[in-house]
Amino acid sequence: MAEQPELDHLMDTYGSSVLKLAFSYLKDKALAEDIFQEVFLRVYQSLHTIRDQRNLRKWILTITANLCRDYLRSWSWRNLIPTDEESLSEKVGSQDTEQEIIQIEQDRKLMEAVMELPVLFRVTIILYYYEEFDSTEIASIEGISPVTVRIRLYRARKQLKKLLEKEGFPI
């Protein structure tokens with residue numbers, strides 16, 4: 160089993176990525192936090208089994224994606240729990256320049272548009288642009304082929320462009 164300091168380090172290092180990915184699937188902050196806890200419980204229980212420390216991030220995000228997909232397949236999610244339309248934008252302190260404020264607002268609108276995409280496209284966009292995985296790594300996390308990832312990226316960009324144009328977003 161992993162020791163507490165090592166787990167704390169992993170949570171500090173990969174925690175925001177886990178939360179972003181879980182939120183992109185579930186669109187609910189509380190559920191994303193529940194997935195976060197479950198992910199790191201599983202990491203704690205299984206860390207001694209991973210042989211390739213270089214792929215630790217990918218392994219943790221694969222656990223996250225699998226838990227989110229399991230949750231979305233569950234009866235309670237489909238029948239009882241309404242989704243919450245929260246934005247992923249981070250809280251920012253005081254800004255000095257008008258340009259920074261404009262950029263923050265554009266980032267917020269972009270993330271809102273990404274969150275309107277269907278879950279398969281939304282997750283692919285988050286993993287590619289925000290987590291900076293390539294199509295092969297995303298394919299491994301999602302359990303699909305790299306070609307499917309590239310098709311999803313293409314279709315997601317197309318839908319995202321339509322959404323942003325409709326909102327008057329500068330493209």
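All the letters of the sequence shown, read from the start, carry residue numbers 160 to 330 under this note's numbering.
C-beta: ideal position from N, C-alpha, C; glycine also.
Spatial neighbours of residue 294 within its chain, please: C-beta separation below 6 Å, excluding the five flanking residues on both sides. Mapped onto the sequence shown, residue 294 falls at position 135. Counting only Cβ-Cβ distances below 6 Å, and skipping sequence neighbours, we find 305, 308 and 309.
Taking only three categories from DSSP, how would you classify residue 317? Against the sequence shown, residue 317 aligns to sequence position 158. Residue 317: helix per DSSP, three-state reduction.
Range of the contiguous alpha helix (DSSP H) that encloses residue 269: What you label residue 269 is simply residue 110 of the sequence shown in a count that begins at 1. According to the DSSP assignment, residue 269 belongs to the alpha helix (DSSP H) that extends over 257 to 275.
Host alpha helix (DSSP H) of residue 195 (start-end): Within the sequence shown, residue 195 is the residue found at index 36, counting from 1. Run containing residue 195: 188 to 205, per the alpha helix (DSSP H) assignment.
Close beta carbons around residue 296, own chain, < 7 Å, minus the five adjacent residues each side: Mapped onto the sequence shown, residue 296 falls at position 137. Only residues of its own chain outside the window of five on either side were considered, and among them 217 have a CB closer than 7 Å to the CB of residue 296, listed in chain order.
Cβ distance (whole Å) where residue 185 is taken to contact residue 230 below 8 Å: As a position in the sequence shown, residue 185 is number 26, starting the count at 1. As a position in the sequence shown, residue 230 is number 71, starting the count at 1. Rounded, the Cβ-Cβ distance is 7 Å, consistent with contact.
I'd like to know if the region 209 to 228 and the region 282 to 292 are in contact, where contact means that at least 3 CB-CB pairs between them fall below 8 Å. Of all C-beta pairs linking the region 209 to 228 to the region 282 to 292, three or more are shorter than 8 Å, placing the two stretches in contact.
Please report the distance separating the alpha-carbon of residue 257 from that of residue 263. Along the sequence shown, one-based indexing puts residue 257 at 98. Along the sequence shown, one-based indexing puts residue 263 at 104. Whole-angstrom Cα-Cα distance: 10 Å.
Taking the alpha-carbon of residue 317 as reference, which of 299, 168, 272 and 300 has the nearest alpha-carbon? Position 158 of the sequence shown, counted from the start, is the residue given in the question as residue 317. The residue with the shortest Cα to Cα distance from residue 317 is 272.
Taking the alpha helix (DSSP H) that residue 223 falls in, what are its first and last residues? For the purposes of this step, residue 223 is identified with residue 64 of the sequence shown, where counting begins at 1. Per DSSP, the unbroken alpha helix (DSSP H) holding residue 223 starts and ends at 215 to 232.
With DSSP as the reference, label residue 285 as helix, strand or coil. Working through the sequence shown from its first residue, we reach residue 285 at position 126. In this structure, residue 285 counts as helix in the three-state DSSP scheme.
Buried or exposed by the 16-neighbour rule on C-beta atoms within 10 Å, applied to residue 291: Residue numbering aside, residue 291 sits at position 132 when the sequence shown is read from its first letter. Result: exposed.
Less than 8 Å between the beta carbons of residue 219 and residue 173, yes or no? For the purposes of this step, residue 219 is taken as the residue at position 60 of the sequence shown. For the purposes of this step, residue 173 is taken as the residue at position 14 of the sequence shown. Yes. Within cutoff.
Where residue 207 and residue 315 are concerned, what is the direct C-alpha to C-alpha distance, given to the nearest angstrom? As a first step, residue 207 is located in the sequence shown; it is residue number 48 there, counting from the start. As a first step, residue 315 is located in the sequence shown; it is residue number 156 there, counting from the start. Near 37 Å, if we compare the C-alpha coordinates of residue 315 and residue 207.
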